[in-house]
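Residue numbers (the numbering used here): 13 to 98.
I have placed the structure first, in the form of structure tokens, so that the comments after it can refer back to it.
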């Protein structure tokens with residue numbers, strides 16, 4: 013998953029920064045806490061659980077049963093939510 017998160021950072025530089033992590037455990041900073049909280053809630057409404065961390069980070073901690081198609085499902089939902097905030 014960490015392969016794809018920097019691509020989203022490049023696509024939404026006004027929203028995202030500091031993609032980091034290892035494997036499927038990763039995090040990214042959002043421009044401010046209000047936007048971060050809104051993104052978390054909208055993703056949750058679409059079936060994707062994200063966690064807030066610190067002042068403005070989102071952390072991705074997928075379930076132990078996590079296949080490649082789950083990455084694509086996540087990316088589709090997360091991209092849609094980011095587009096709504098762009």
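Cβ coordinates follow ideal geometry from the N, Cα and C atoms, glycine included.
Sorted by chain position, which residues of the same chain lie with C-beta nearer than 8 Å to residue i's C-beta, five sequence neighbours on each side aside?
| i | result |
| --- | --- |
| residue 26 | 43 and 98 |
| residue 89 | 55, 58, 59 and 60 |
| residue 86 | 13, 60, 72 and 74 |
Looking only at its chain, what residues have a beta carbon closer than 6 Å to the beta carbon of residue i, apart from the 5 residues adjacent to it on each side?
| i | result |
| --- | --- |
| residue 83 | 13 |
| residue 71 | 39, 63 and 65 |
Which same chain residues, not among the five before or five after residue i, have their C-beta less than 7 Å away from its C-beta?
| i | result |
| --- | --- |
| residue 21 | 28, 29, 31 and 40 |
| residue 18 | 31 |
| residue 8 | An answer regarding residue 8 cannot be provided, because it is not within the stretch 13 to 98 covered by the chain. |
So does residue i have its beta carbon nearer than 7 Å to some heavy atom of the ligand SAM?
| i | result |
| --- | --- |
| residue 27 | With respect to the ligand SAM, the structure shown offers nothing to examine, as it has no ligands at all. |
- Query: Where in the stretch 13 to 90 do unbroken runs of the alpha helix (DSSP H), each at least 4 residues long, occur, reported from the N-terminal end onward?
  - Reply: 17 to 23 and 45 to 57
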